[in-house]
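**Student:** The sequence shown maps to residues 287 to 481 in my numbering. Don't be surprised by glycine CBs; every beta carbon is placed ideally from N, CA and C.
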Amino acid sequence: MLQIQDTLVSDEVILESFVCDLSRCHGACCVEGDCGAPVEESEKRILEDLLPRIEPYMRPEGIEAVRLQGAWTDDPYDHAPSTPLVNGRECAYLTFSPDGTALCAIEQAYRDGRIAFQKPISCHLYPIRLSRILSFTALNYHRWDICRDACALGRKLGVPVYEFLREPLIRRFGQAWYDELCLTAREYARQIARR
Numbered sequence: 287m288l289q290i291q292d293t294l295v296s297d298e299v300i301l302e303s304f305v306c307d308l309s310r311c312h313g314a315c316c317v318e319g320d321c322g323a324p325v326e327e328s329e330k331r332i333l334e335d336l337l338p339r340i341e342p343y344m345r346p347e348g349i350e351a352v353r354l355q356g357a358w359t360d361d362p363y364d365h366a367p368s369t370p371l372v373n374g375r376e377c378a379y380l381t382f383s384p385d386g387t388a389l390c391a392i393e394q395a396y397r398d399g400r401i402a403f404q405k406p407i408s409c410h411l412y413p414i415r416l417s418r419i420l421s422f423t424a425l426n427y428h429r430w431d432i433c434r435d436a437c438a439l440g441r442k443l444g445v446p447v448y449e450f451l452r453e454p455l456i457r458r459f460g461q462a463w464y465d466e467l468c469l470t471a472r473e474y475a476r477q478i479a480r481r
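(1) If you draw a straight line from the alpha carbon of A357 to that of L308, how long is it in whole angstroms?
(2) Find the nearest neighbour of E473 within the set L455, D292, Y412 and L301, judged by alpha-carbon distance.
(3) Between R429 and G460, what straight-line distance do the alpha-carbon atoms span, to the nearest angstrom?
(4) Please report how far the alpha carbon of H410 lies from the alpha carbon of R452, in whole angstroms.
(5) If we count the other Cβ atoms within 10 Å of its Cβ and call it buried at 16 or more, is R458 buried or exposed?
(6) Roughly how many angstroms lie between the CA atoms of R397 and V295, to the nearest whole one?
(7) Under the rule that 16 or more other beta-carbon atoms within 10 Å means buried, what is K405, buried or exposed?
(8) Can you find the residues in the same chain that come closer than 7 Å, C-beta to C-beta, to V305, ignoring five residues on each side of it along the sequence?
(9) Measuring only the C-alpha atoms, how far is L288 from I407?
(10) Measuring only the C-alpha atoms, how far is L467 from R418?
(11) Expressed to the nearest angstrom, what Euclidean distance is found between the alpha-carbon atoms of P342 and D361?
(12) DSSP puts L382 in a beta bridge; with which residues?
(13) What are the start and end residues of the alpha helix (DSSP H) that includes T470?
(14) Which parts of the segment 415-469 are runs of the alpha helix (DSSP H), unbroken and 4 residues or longer, counting only runs that do not cross its ends?
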């Protein structure tokens with residue numbers, strides 16, 4: 287782990303490669319899994335308030351899931367807030383493009399200028415997952431078999447995880463933090479190469 291201000295960054299965030307390849311996975315991360323996407327405490331009220339403007343982008347089954355469970359729900363495993371699911375499977379905010387690629391209704395509303403909230407930061411940061419370690423926020427690289435094409439494309443293009451996630455990392459931690467991460471990452475990579 288590398289310390290950047292009040293965060294601990296896994297070296298995998300620097301050393302592993304990743305570039306989403308929607309043409310191959312079709313957004314499977316929004317469909318697969320045991321629970322919804324983590325929702326930060328500050329995002330709970332945002333989802334509740336913006337729901338009327340997001341609903342026009344949602345599928346009927348997603349709207350029904352939110353009606354029954356709420357704009358966010360408690361994850362059944364760790365009781366942390368997360369997005370609700372449709373029939374225990376895909377995210378309630380999921381919609382599909384004509385070719386069957388999973389899209390986020392929240393992000394669609396954002397792109398159309400209907401809301402100023404892009405999507406939960408946990409979705410924007412994936413494959414990084416955040417957790418707390420004492421007074422630090424830990425950034426860990428999450429490995430998931432459905433992302434093997436993203437790993438392959440990242441290696442082919444030579445894009446490390448932290449560079450692929452530049453925008454959401456700046457959104458969550460700020461430009462100064464990201465600049466420090468980049469400097470630290472380059473130095474760390476040089477040290478690894480010398481070994």
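**Tutor:** The answer reads as follows:
(1) Working through the sequence shown from its first residue, we reach residue 357 at position 71. Working through the sequence shown from its first residue, we reach residue 308 at position 22. For A357 and L308, the distance between alpha carbons rounds to 26 Å.
(2) Translated into positions along the sequence shown, residue 473 becomes position 187. For E473, the nearest C-alpha among the options comes from L301.
(3) As a working mapping, residue 429 is identified with position 143 in the sequence shown. As a working mapping, residue 460 is identified with position 174 in the sequence shown. Whole-angstrom Cα-Cα distance: 25 Å.
(4) For the purposes of this step, residue 410 is taken as residue 124 along the sequence shown, with counting starting at 1. For the purposes of this step, residue 452 is taken as residue 166 along the sequence shown, with counting starting at 1. Rounded to the nearest angstrom, the two C-alpha atoms are 10 Å apart.
(5) As a first step, residue 458 is located in the sequence shown; it is residue number 172 there, counting from the start. R458 counts as buried, since no fewer than 16 other beta carbons sit within 10 angstroms of its beta carbon.
(6) One-based indexing of the sequence shown puts residue 397 at position 111. One-based indexing of the sequence shown puts residue 295 at position 9. Taking the straight line joining both Cα atoms gives about 30 Å.
(7) One-based indexing of the sequence shown puts residue 405 at position 119. K405 is buried by the Cβ-count criterion.
(8) To locate residue 305, count along the sequence shown from 1; it is residue 19. Cβ neighbours of V305 beyond the five flanking positions: A436, L439, G440, L443, V445 and F450.
(9) As a first step, residue 288 must be located in the sequence shown, where it is residue number 2. As a first step, residue 407 must be located in the sequence shown, where it is residue number 121. One alpha carbon belongs to L288, the other to I407, and they sit about 21 Å apart.
(10) The count along the sequence shown starts at 1 and reaches residue 467 at position 181. The count along the sequence shown starts at 1 and reaches residue 418 at position 132. Spanning the alpha carbons of L467 and R418 requires a straight line of approximately 18 Å.
(11) The residue given as residue 342 occupies position 56 in the sequence shown. The residue given as residue 361 occupies position 75 in the sequence shown. Distance between the alpha carbons of P342 and D361 is about 25 Å.
(12) The residue labelled residue 382 in the question sits at position 96 within the sequence shown. As written in the sequence, residue 382 is Phe, which differs from the Leu given in the question. When DSSP reads this structure, F382 sits in a beta bridge with A388.
(13) Within the sequence shown, numbered from 1, the residue matching residue 470 stands at position 184. Element bounds for T470: Q461 to R480.
(14) Positions of the alpha helix (DSSP H) runs, each at least 4 residues long and wholly inside the segment 415-469, are given as 434-443, 447-450 and 452-459 in order along the chain.
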